[in-house]
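Here is the structure we will look at, set down as structure tokens.
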Amino acid sequence: MTNCFHLAIPAGDLNVAKKFYCDVLGCKSGNSEEDHWVDIDFWGNELTLHQSEERLPKVRHEVDMGSVLVPHFGIHLPDGAFQALKERIETAGIAYLDKPYRRFIDSKYEQETFFIEDPNGNILEMKTMVNPKILFKVD
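In structure tokens, the structure reads:
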């Protein structure tokens, strides 16, 4: 594995967080130190959930679609995987912070996105792009 992104976050109760990331989002767990932290395979990236009492602060920032919560992290998925993820989230009864929304319609940057939070209040943005190859292209 090369160029794997790593992010460590306060997760609250590890058992609850692990169930959310594995059972709802469909990720797999990896290495862990019982009662302290667990690694999650977040679509090929290392997300380390730390047992914690604290939560990250969050604020809203204005963007084209309104205001979004920051900080946040997430993943770009192929459309089929994105639609399956939405179905798992809805089946689990997870509330959207920002419901699924199409941005940049009829442009090469068109994408669908939504925001949810994990059990400890960490914000996730999930996306699918119509043309993912242009993600880092600069006009």
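Numbering (this note's numbering), first residue to last: 1437 to 1575. Ideal Cβ positions, reconstructed from N, Cα and C, are used throughout, including at glycine.
- Comparing alpha carbon positions, the residue from GLU1498, SER1465, PHE1509 closest to LEU1492 is PHE1509.
- Taking ASN1567 as the centre and dropping the five residues before and after it, the same chain places the C-beta of LYS1544, TYR1545, GLU1546 closer than 8 Å to its C-beta, in chain order.
- When the five nearest sequence neighbours on each side are left out, the beta carbons in the same chain lying within less than 8 Å of the beta carbon of ASP1471 are those of LEU1450, GLN1487, in order along the chain.
- When rounded, the separation of the alpha-carbon atoms in PHE1540 and THR1549 is 11 Å.
- One thing to note: CYS1463 has its Cβ no nearer than 8 Å to the Cβ of PHE1441.
- Apart from sequence neighbours up to five positions away, the residues of its chain that approach ILE1530 with a beta-carbon distance below 6 Å are ILE1552, ordered along the chain.
- A direct Cα-to-Cα measurement between ILE1570 and GLU1490 gives close to 37 Å.
- Distance between SER1503 and TYR1537, taken at the CA atoms: about 13 Å.
- With fewer than 16 neighbouring CB atoms inside 10 Å of its own CB, THR1438 falls in the exposed class.
- Spatial neighbours of LEU1521 in its own chain (CB-CB distance under 8 Å, excluding positions within 5 residues in sequence) are listed in chain order as LEU1461, GLY1462, LEU1513, MET1562.
- Listed as beta-bridge partners of TYR1532 by DSSP are no residues whatsoever.
- Cβ neighbours of PHE1518 within its own chain (closer than 8 Å, five residues either side excluded): GLU1548, MET1562, LYS1563, THR1564.
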